[in-house]
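Numbering (full-length UniProt numbering), first residue to last: 1 to 546. Encoded as structure tokens, the structure appears first; notes follow it.
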């Protein structure tokens, strides 16, 4: 497994070793802290002063007996403790480097000669380091830039190929200013938390091609198990929607093994039989089209038509609905994504696309906008659902028809208005993040022919995405944003910070956290999927070819 970096430089104190201020009793903690931040202490760390000389000077400066300061330092040294988890990690990294399978590891620390002698007496795999750089030996200390330059020269490594871990923001800032990949370690974190942070960072220093390959292994090995999860509740469930999205993103059918097709769903593709169901409404799209002739419709690959329009209506859930009504209708969003993701070989299992398009544009609200559910008892409009409906129409009816057919105009205008005026910034009834709108809108923009009116009207998507760069979001939203930028051609140098943030979130098993991108409109429970986040990351890395 080849690493992207050639050297990893660790700080020692509060990273690999811990000490406890509570152990110091002869000097007040705040006074000791001020002493250690004084220029006198800095001279001690640079090797200019001895420990005895430093205690004499500090005693005068802070009006404390030098002997009390010396005893405080002895107490602090006695409280030193090795982080056992990280000690094992250093030993493992050292062995990997010695075998030529990993980056060389170094230490770089601000420390006095006398204190370093004490530190070296602790049980720690010192030989795992290629070299230890101390401030007293170099005559300089962090965050002096010359100290970092000195270390880079000595190890013969370019800054861009060097990783630096430290517990102080000013030290990380100095390293990053030179192009070093600096990572802050929380000094107050537990041993376990520090180990997880550092292990995750190192785990993500492998080449991006290896990250992509591990993501694919994660997706394939978990085939049929990439369930959606409800944030903060620990509830996992099977849904069609996220699975169809994974299939659209990856183009790999084998990853998906628990789709529930319309004809497999009980009670007319999931339509509720209670009052207000489409099957009981004279104005419903199903009633209007159920008796229509379907034989005139032929799919692009020449496959025969299905015998019922209900073969085309997909339900969000793949199993019994949860946290909502037990009778749950099919929807335009899942239906659109199903037709967009299915290979032509599957068309013979679906109702003709034109029939479903006619059903959708017959199922509109008072403004003429396509509704979410095929159920008059749930009158919902969502602009992100509208984007996917337009993608479906564009693919199967053609862009020119979408431009010219007046039935599509209200839905098209609604989407354009939401993009123009940033109506999506606080999410929508069914989607929890603005990135969901931008992601699907980016796909629509990419898929539209160049001469279409809609293509021109969606031209602001690049600026809208650029505005969102570096905004802190959950992992799935971040993956959607990076992928959307990639789709519309936002320069990679602008996207790189977000890409690096996304890569840093990868878990040890090769997958990414679930995050969230949609929610139940009634309860606000947020829904995400590790499979979906990972699929997006895999596609990003595959298309960047890095």
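The C-beta atom is built at its ideal place from N, Cα and C for all residues, glycine as well.
Distance between beta carbons of residue j and residue i, contact taken as under 8 Å
i, j, result
"residue 183", "residue 224", "Their Cβ separation, rounded to whole angstroms, is 36 Å, which puts residue 183 and residue 224 out of contact at 8 Å."
"residue 129", "residue 87", "At roughly 12 Å, the Cβ-Cβ gap does not stay under 8 Å, so residue 129 and residue 87 are not in contact."
"residue 412", "residue 454", "6 Å"
"residue 250", "residue 538", "7 Å"
"residue 148", "residue 105", "So it is not a contact: roughly 16 Å between Cβ atoms."
"residue 311", "residue 263", "5 Å"
"residue 369", "residue 421", "At roughly 16 Å, the Cβ-Cβ gap does not stay under 8 Å, so residue 369 and residue 421 are not in contact."
"residue 195", "residue 85", "4 Å"
Per-residue burial, residue i [other beta carbons within 10 Å of its own, 16 or more giving buried]
i, result
"residue 270", "A caution first: residue 270 carries a pLDDT of 41, below 50, which makes its placement in the model unreliable, though a value can still be read off. Label assigned to residue 270: buried."
"residue 383", "buried"
"residue 365", "exposed"
"residue 341", "buried"
"residue 445", "buried"
"residue 574", "Outside the shown range of the chain, which is 1 to 546, sits residue 574, and nothing can be said about it."
"residue 523", "exposed"
"residue 232", "exposed"
"residue 357", "buried"
"residue 531", "buried"
"residue 449", "exposed"
"residue 120", "exposed"
"residue 22", "exposed"
"residue 379", "exposed"
"residue 65", "exposed"
"residue 142", "buried"
"residue 177", "exposed"
"residue 540", "buried"
"residue 135", "buried"
"residue 467", "exposed"
"residue 63", "exposed"
"residue 48", "exposed"
"residue 488", "buried"
"residue 50", "exposed"
"residue 145", "exposed"
"residue 243", "buried"
"residue 353", "buried"
"residue 361", "buried"
"residue 103", "buried"
Test item: CB-CB of residue i and residue j under 8 Å
i, j, result
"residue 477", "residue 435", "yes"
"residue 479", "residue 502", "yes"
"residue 27", "residue 68", "yes"
"residue 508", "residue 199", "yes"
"residue 495", "residue 485", "yes"
"residue 525", "residue 245", "no"
"residue 150", "residue 138", "yes"
"residue 515", "residue 475", "yes"
"residue 317", "residue 239", "yes"
"residue 528", "residue 228", "yes"
"residue 107", "residue 82", "no"
"residue 329", "residue 373", "yes"
"residue 32", "residue 72", "yes"
"residue 111", "residue 154", "no"
"residue 215", "residue 534", "yes"
"residue 76", "residue 19", "yes"
"residue 347", "residue 392", "no"
"residue 8", "residue 163", "yes"
"residue 314", "residue 432", "no"
"residue 462", "residue 490", "yes"
"residue 404", "residue 201", "no"
"residue 241", "residue 381", "no"
Residues that residue i bridges to, as DSSP identifies them
i, result
"residue 261", "Residue 261 is not bridged to any residue."
"residue 133", "108"
"residue 228", "237"
"residue 13", "17"
"residue 182", "164"
"residue 193", "DSSP lists no partner for residue 193."
"residue 7", "104, 162"
"residue 370", "364"
"residue 82", "17"
"residue 431", "518"
"residue 331", "373"
"residue 527", "230, 518"
"residue 317", "239"
**Request:** Would you be able to state if there are at least three C-beta pairs under 8 Å between the region 374 to 389 and the region 429 to 448?
**Result:** Using a C-beta cut-off of 8 Å, the region 429 to 448 makes contact with the region 374 to 389, since at least three inter-stretch Cβ pairs fall below that distance.
**Request:** Answer yes if the region 7 to 21 comes into contact with the region 161 to 174, meaning at least three C-beta pairs across the two stretches below 8 Å, and no otherwise.
**Result:** Contact holds: three or more Cβ-Cβ distances are below 8 Å.
**Asked** Looking at C-beta atoms only, is the number of pairs between the region 188 to 199 and the region 481 to 490 that lie closer than 8 Å three or more?
**Response** Under the 8 Å Cβ criterion, the region 188 to 199 does not count as touching the region 481 to 490, having fewer than three qualifying pairs.
**Asked** Does the count of Cβ pairs from the region 53 to 66 and the region 27 to 41 closer than 8 Å reach three?
**Response** Note that the region 53 to 66 touches the region 27 to 41; at least 3 beta-carbon pairs, one per stretch, sit closer than 8 Å.
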